[in-house]
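These notes concern the structure reproduced below.
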Amino acid sequence: MNHTEQFDRWIRGPFVAMNTELEELYFAAENRMDPTGIGDPIKAQIRDEGRALILPLLDEGKTNDGFANAFDLLGNVGFYMGALRRHELTNPDKEERSPFPEASALALHIGVSIGMVPRFATAHLATHNLAIDGKRKSFTALEDEFVFIDENTRAIISYQRAADALIRIAPLGISSPVTDVLWEDAKGALRNVIEYNRRLFDTLDTARFFFCVRPYYKPFRVGRQTFRGSNAGDFAGINELDLLLGLTRASDPYYSQLLHEKLPFMMPDEQARLRAVMSRRSLLDEWLIAAESHASQPWFRTNLRHYLEVCELFAETARQHHHQLVSRFIGQPSARLPEGSLKGITASGPPLPVMLRSLQILHDLRCAEPSELTATAHAEFARLRALAG
Ligand code: HEM
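Sequential numbering from 6 applies to the sequence shown in the numbering used here.
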């Protein structure tokens, strides 16, 4: 077994067992928010065993044995560093550089060479999480972690299916009768997202998620720099849908800044896809142009109705995320915490109210609702709805 395989075996085995043991200890403690002084020998064991496995990998300096291997190894180093952060063996607010120079060096080497952030990203846990004999990678063996990553992954794949379908409409044109297949595909995929979001909402245990799963997604330093945490939204499909449907514009400085920040958290092939979508005319613009001269054609109404239905389903997924998932699993438990313990609640790092405001903007854009925070496509949609009858 080579060094990469040895490290992977450790990440899938002892690492998970030790994190799980620590989570049970923290969860039973009086203050579930503070791991200080609990299970210290286990924490040291994670730190030392991981380091011993990373050292030979660093010596090998091997990042050239294929993208998939490099990407996978980056995920494993990232899991290790994410866990050290979770167990407070490092804290970016108290340090100027990571206390784990070897892990940092390996992560930076791979991250820079494959064009991604030098930490684990959502794809490592979701769309590119290789299962071996049914077992996918995770931080712990807790049931709620699997509920979270599995339903997330299903939702991500479904958004990606919807985006795939919409991308195929452009070469056919919005007047084509055969686009019905693609509109229906997109609707089906978004109905699936709604179903997976609902399942997540119904089955995930709030306390377990908040105290035992979420802390692994915190920001941490790699070398000198702090990298924000991963969140379930770090995939291109959702932004492809935003842009293709015309709910947001790449020329909007708020939105393009968000994309700029988010791109290196995505797989390189997704980055390329998203860039390509950024330079396309949106379906909304296609409809507005067609409305000038073709509104009375039979195809116009038929296909416009499909488009509006897709937008409504997409809006419903945004409402679920905002009013159900974020509210129940982050907002409500945070509100119950004492003042001062809110730091580091979110994956991206900004204080909770700032993060909630930026999520509200995305919600308003995706629902094309009138908004005090941003310009949305509300008026354009009102016009198209009137034309669709
Ligand atoms: C327990 C369930 C979930 C919670 C509590 C949650 C919470 C959050 C939070 C707090 C953020 C802001 C980033 C940050 O952490 O700072 C975020 C972003 C995001 N989440 Fe979720 N999320 C959940 C599930 C999902 C699922 C299932 C999806 C669908 C794939 C999803 C898609 C997104 C997207 C796309 C973003 C980036 C912002 C955006 O473009 O809307 N989330 N989420």
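Every residue, glycine too, gets a C-beta built ideally from N, C-alpha and C.
So, helix, strand or coil for residue i, using DSSP?
i: Val227; result: strand
i: Phe418; result: Because the chain in this structure spans residues 6 to 394, residue 418 falls outside the shown range and cannot be described.
i: Ile335; result: helix
i: Ile51; result: helix
i: Ile137; result: strand
i: Met283; result: helix
i: Asn86; result: A quick correction: the sequence has Met, not Asn, at residue 86. In this structure, Met86 counts as helix in the three-state DSSP scheme.
i: Ile179; result: coil
i: Glu266; result: helix
i: Met38; result: coil
i: Arg254; result: coil
i: Glu397; result: With the chain covering only 6 through 394, there is no way to say anything about residue 397.
i: Ala380; result: coil
i: Ser103; result: coil
i: Gly44; result: coil
i: Phe240; result: coil
i: Asn74; result: helix
i: Glu93; result: coil
i: Val218; result: helix
i: Asp98; result: coil
i: Phe20; result: helix
i: Phe144; result: coil
i: Leu330; result: helix
If we count the other Cβ atoms within 10 Å of its Cβ and call it buried at 16 or more, is residue i buried or exposed?
i: Glu377; result: exposed
i: Ser163; result: buried
i: Gly178; result: exposed
i: Lys99; result: exposed
i: Val198; result: buried
i: Asn7; result: exposed
i: Thr381; result: buried
i: Leu135; result: exposed
i: Gln325; result: buried
i: Asn244; result: buried
i: Ala323; result: buried
i: Gly394; result: exposed
i: Val227; result: buried
i: Asn36; result: exposed
i: Ile137; result: exposed
i: Gln262; result: exposed
i: Ser284; result: exposed
i: Thr211; result: exposed
i: Asp70; result: exposed
Would you please state the rounded distance, in angstroms, between the beta carbons of residue i and residue j? I believe it to be under 8 Å.
i: Ala167; j: Ala194; result: 4 Å
i: Leu249; j: Ile172; result: 7 Å
i: Arg56; j: Glu107; result: 6 Å
i: Leu209; j: Thr25; result: Not a contact, Cβ separation roughly 17 Å.
i: Leu309; j: Glu385; result: That pair is no contact at about 12 Å.
i: Val122; j: Leu205; result: Rounded, the Cβ-Cβ distance is 25 Å, inconsistent with contact.
i: Asp13; j: Asn96; result: Wrong, their Cβ atoms sit about 27 Å apart, outside the cutoff.
i: Arg388; j: Leu252; result: That belief does not hold up - the Cβ atoms of Arg388 and Leu252 are roughly 15 Å apart, past 8 Å.
i: Phe215; j: Tyr31; result: 12 Å between Cβ atoms; not a contact.
Along the chain, where does the alpha helix (DSSP H) containing residue i start, and where does it finish?
i: Leu313; result: 303 to 324
i: Lys192; result: 185 to 208
i: Thr158; result: 148 to 172
i: Arg17; result: 8 to 17
i: Phe386; result: 383 to 393
i: Thr127; result: 127 to 130
i: His299; result: 288 to 299
i: Met360; result: 357 to 372
i: His114; result: 106 to 119
Alpha carbon to alpha carbon, how far is residue i from residue j?
i: Gln302; j: Asp169; result: 27 Å
i: Arg102; j: Arg124; result: 15 Å
i: Phe72; j: Phe240; result: 18 Å
i: Phe270; j: Ser298; result: 42 Å
i: Pro338; j: Ala255; result: 34 Å
i: Glu29; j: Leu289; result: 50 Å
i: Phe115; j: Phe305; result: Correcting the residue type first, residue 115 is Ile in the shown sequence and not Phe. Cα to Cα, Ile115 sits roughly 50 Å from Phe305.
i: Arg196; j: Leu63; result: 45 Å
i: Ser287; j: Leu130; result: 31 Å
i: Lys223; j: Arg233; result: 7 Å
i: Ser143; j: Asp77; result: 13 Å
i: Pro104; j: Tyr259; result: 34 Å
i: Ala49; j: Ile43; result: 11 Å
i: Glu374; j: Leu111; result: 45 Å
i: Pro356; j: Ser181; result: 47 Å
i: Asp207; j: Gln11; result: 38 Å
i: Arg17; j: Thr307; result: 51 Å
i: Thr379; j: Leu364; result: 12 Å
i: Asp247; j: Ile335; result: 24 Å
i: Arg213; j: Glu93; result: 18 Å
i: His368; j: Asn202; result: 15 Å
Can you find a heavy atom of ligand 2 that lies under 7 Å from the Cβ of residue i?
i: Asn197; result: No copy of ligand 2 occurs in the structure displayed; its ligands are ligand 1 alone.
Does any C-beta atom of chain D lie closer than 8 Å to the C-beta of residue i?
i: Asp185; result: In summary, chain D is missing from the structure at hand, where a single protein chain is found.
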